[in-house]
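K.L.:
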Amino acid sequence: MALPQFLLNLLFPPRCPFCDRPVEAVVSAPCPHCLGSDVWLEGAQAVVTGEAFARCVCAGWYREPLRASLRRFKFSGRRDYAKAYGPVLAQAVRTYLPGTYDLITWVPVSPKTLRRRGYDQAQLLAQETARALAAQAVPLLEKTRDTPPQSSLTQGRQRRANVAGVYTAPHPAQVAGQRVLLLDDILTTGATLNEAARTLRQAGARQVVAAAFCRTPPKNP
1 MALPQFLLNL LFPPRCPFCD RPVEAVVSAP CPHCLGSDVW LEGAQAVVTG
51 EAFARCVCAG WYREPLRASL RRFKFSGRRD YAKAYGPVLA QAVRTYLPGT
101 YDLITWVPVS PKTLRRRGYD QAQLLAQETA RALAAQAVPL LEKTRDTPPQ
151 SSLTQGRQRR ANVAGVYTAP HPAQVAGQRV LLLDDILTTG ATLNEAARTL
201 RQAGARQVVA AAFCRTPPKN P
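Reading the sequence shown from the start, the letters are residues 1 to 221 in UniProt numbering.
#1: Excluding the five sequence neighbours on either side, which residues of its own chain have a C-beta within less than 6 Å of the C-beta of Gly204, listed in chain order?
#2: Helix, strand or coil for Glu195, going by three-state DSSP, please let me know.
#3: Please determine, among Gln45, Phe18, Thr199 and Leu103, the residue with the shortest C-alpha to C-alpha distance to Leu187.
#4: Use the C-beta contact count for Val180: other C-beta atoms within 10 angstroms, 16 or more gives buried, fewer gives exposed.
#5: According to DSSP, is Pro13 helix, strand or coil?
#6: Below 8 Å, how does it come out for the stretch 130-138 and the stretch 97-104: are there three or more Cβ pairs, yes or no?
#7: Would Arg15 and His33 be called neighbours here (beta carbons separated by less than 8 Å)?
#8: Based on DSSP bridge pairs, tell me the residues matched to Arg179.
#9: If you follow the beta strand (DSSP E) that Cys56 is part of, which residue opens it and which one closes it?
#10: Given this structure, state the Cα-to-Cα distance separating Cys19 from Pro65, to the nearest angstrom.
#11: I want to know whether the stretch 204-215 touches the stretch 87-95 - three or more CB-CB distances under 8 Å.
#12: What does DSSP give as the partner residue(s) for Arg215 in the beta ladder?
#13: Using the three-state DSSP reduction, which class does Thr105 fall into: helix, strand or coil?
#14: Who pairs with Lys143 in a beta bridge, going by DSSP?
#15: Going by DSSP, what residue range makes up the alpha helix (DSSP H) through Ala84?
#16: Under the assumption that Gly190 contacts Val93 (Cβ atoms under 8 Å), give the Cβ distance between them as a whole number of angstroms.
#17: Examine the Cβ distances between the stretch 117-128 and the stretch 69-84 and report whether three or more of them are shorter than 8 Å.
#18: In the DSSP assignment, the alpha helix (DSSP H) including Gln136 goes from what residue to what residue?
#19: Given a threshold of 16 other Cβ atoms within 10 Å of its Cβ, counted over all protein chains shown, does Pro98 qualify as buried or as exposed?
#20: Does Pro32 come out as helix, strand or coil in the three-state DSSP assignment?
#21: Tell me Val47's beta-bridge partners as DSSP assigns them.
#22: With Arg201 and Ala52 assumed to form a contact (beta carbons below 8 Å), what rounded beta-carbon distance in angstroms separates them?
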């Protein structure tokens with residue numbers, strides 16, 4: 001028999017998925033403390049241009065408390081956080097990426113990472129973002145080999161070399177002539193998104209635009 005919600009709340013007090021502070025009830029949106037934080041991006045800071053993608057929009061800075069939140073999402077099994085992230089990223093997409101998208105997809109993890117982690121965090125984020133946009137996310141890319149984490153590399157050229165040629169679009173007919181919205185969790189140098197977008201463009205995509213939940217703050221703002 002399932003425990004009543006009030007008992008569950010007593011045993012496991014609900015916490016904000018963004019800042020991890022205790023909240024009165026289970027929520028899937030930023031708590032009042034988070035809403036008042038300067039971690040959210042607006043205007044020009046929310047938009048990044050790329051090489052293979054036309055532009056990328058981001059919802060927040062990759063710093064606390066969002067950094068810790070994303071690490072719980074990726075490495076501590078908090079796949080439920082995707083339900084909170086999706087509507088927030090969808091709002092950034094509505095605001096800064098005008099137009100419609102023929103397809104919504106994500107930057108996939110490698111099969112080895114998927115087996116180890118048990119889920120693809122970018123897929124979950126894409127599914128919930130697409131749901132908030134009244135659309136559906138579809139798999140268009142595959143990662144063909146495991147690579148060292150991009151976060152372990154400090155230079156842009158190292159990051160570009162690390163992901164060069166690692167993605168494939170196995171069904172190019174599905175991509176040809178389409179405007180694709182490509183999603184990922186974090187944007188740092190843009191190397192990963194550019195490589196994934198380049199693969200989609202080579203498969204025939206008419207245009208690739210992107211969205212990431214967070215972007216790394218510039219070192220010299």
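Even for Gly, the Cβ is constructed at its ideal location relative to N, Cα and C.
P.N.:
In terms of the structure at hand:
#1: Pro172, Val175 and Ala176
#2: helix
#3: Gln45
#4: buried
#5: coil
#6: yes
#7: no
#8: Gln207
#9: Cys56 to Trp61
#10: 5 Å
#11: yes
#12: Trp61 and Leu187
#13: strand
#14: Tyr167
#15: Ala82 to Tyr96
#16: Contact doesn't hold; Cβ gap of about 17 Å is too wide.
#17: yes
#18: It is not in any alpha helix (DSSP H) - Gln136 carries neither H nor E in the DSSP assignment.
#19: exposed
#20: helix
#21: Val57
#22: 6 Å
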